[in-house]
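In the numbering used here, the protein residues as written are 235 to 307.
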C-alpha cells in the first residue's frame, strides 16, 4: 500500500470514529468519499466539527493534518 493510500485509510477510519454518533453528517461524508471528492469530504468533516464543537483526539488530529496536506491544501 502506498503512503497516500495509508493516509486515506487512516483518515477514513478516524472520521468514522468521530462521526459515528452523527449519521446524517457521516452519510454526507461517505457520499463525497465514494465519489472520490476528497476535498468535499474534508469540508463536510470540517463544518461538522465546527458546528458540533467536536474535539479531535491526538491520533485524529494527525490523520486529519496528513490528509489535509495531501488532498486539500
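Using N, Cα and C, we set each Cβ at its ideal position, and we do this for glycine too. All of these numbers come straight from a predicted model, not from anything done at the bench.
Original post:
Given residue 245, which residues of its chain have a CB within under 8 Å of its CB, disregarding the five upstream and five downstream residues?
Top reply: 297, 298, 300 and 301
Original post:
What three-state label does DSSP hand residue 281 in the structure shown?
Top reply: helix
Original post:
Comparing alpha-carbon positions, which option in 306, 290, 292 and 268 lies nearest residue 277?
Top reply: 306
**OP:** Following the continuous alpha helix (DSSP H) through residue 301, name the residue where it begins and the one where it ends.
**Re:** 292 to 305
Subject >> residue 282 beta carbon less than 8 Å from that of residue 275 >> reply: no
**OP:** Spatial neighbours of residue 254 within its chain, please: CB distance less than 8 Å, with the 5 preceding and 5 following residues excluded, ordered by chain position.
**Re:** 260
Subject >> Segment limits, alpha helix (DSSP H) that includes residue 260 >> reply: 257 to 268
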